């Protein structure tokens with residue numbers, strides 16, 4: 001997920017132009033492929049396909065959380081508990097739906113916290129990077145808050 005500036009091979013990509021929604025991410029909704037803007041990993045083999053699905057689901061969740069935070073006039077208005085509550089209110093047909101049970105959503109977020117925190121760390125908005133949600137998730141994962 002981190003950029004590889006010291007890579008010594010040329011990577012060619014192809015894809016579709018999409019309108020930027022301001023989230024900083026561009027995702028394919030097809031769980032059987034792992035392509036993204038700028039590079040293509042190729043279709044995962046069947047033995048690894050099941051490993052890819054939770055990562056894609058977690059990225060979609062992180063993207064939705066970033067969108068929730070960006071909708072606020074002040075990012076600090078949403079605490080960790082508020083974000084968990086709002087995510088648990090997603091409808092079943094929402095692309096980032098986990099569960100309607102806030103405890104289950106919190107477990108999922110904490111278990112997949114490293115992926116979520118890395119995506120937040122790469123996000124260009126400093127207010128999002130240092131929001132209360134990230135600080136609490138970092139502490140729940142046994143780390144130091146980013147501020």
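Numbering (UniProt numbering), first residue to last: 1 to 147.
Here a beta-carbon is modelled for each residue, glycine too, at the ideal position from N, C-alpha and C.
Source: prediction; values computed, not measured.
Just reading off the alpha helix (DSSP H) that residue i is part of, what are its end residues?
i, result
"residue 61", "46-70"
"residue 82", "80-88"
Quick one: what's got a C-beta closer than 7 angstroms to residue i's C-beta in the same chain, skipping five residues either side?
i, result
"residue 90", "96, 97"
"residue 131", "69, 75, 76"
"residue 9", "Unreliable positioning characterises residue 9 in this predicted model, as indicated by a pLDDT of 49, which lies under 50. The coordinate reading is nonetheless provided below. If we look at residue 9 and ignore the five residues flanking it on each side, it has no Cβ neighbours."
"residue 113", "137, 140, 141"
"residue 101", "88"
Enumerate in chain order the residues of its own chain whose CB-to-CB distance from residue i is below 6 angstroms, with the five nearest sequence positions on each side excluded.
i, result
"residue 105", "84, 87, 88, 98, 99"
"residue 115", "58"
"residue 80", "133, 136"
"residue 60", "95, 96"
"residue 110", "140"
"residue 108", "98"
Take residue i and list the residues in its own chain whose beta-carbon comes closer than 8 angstroms to its own, dropping the five residues that flank it on each side.
i, result
"residue 78", "68, 69, 72, 86, 131, 132, 133"
What ranges does the alpha helix (DSSP H) occupy inside the segment 104-135, keeping only unbroken runs of at least 4 residues that lie completely in it?
113-122, 126-129
Can at least three beta-carbon pairs, one atom from the segment 68-77 and one from the segment 121-137, be found at a separation below 8 angstroms?
yes
Given 8 angstroms as the limit, is there contact between the segment 134-142 and the segment 86-97, that is, 3 or more CB pairs closer than that?
no
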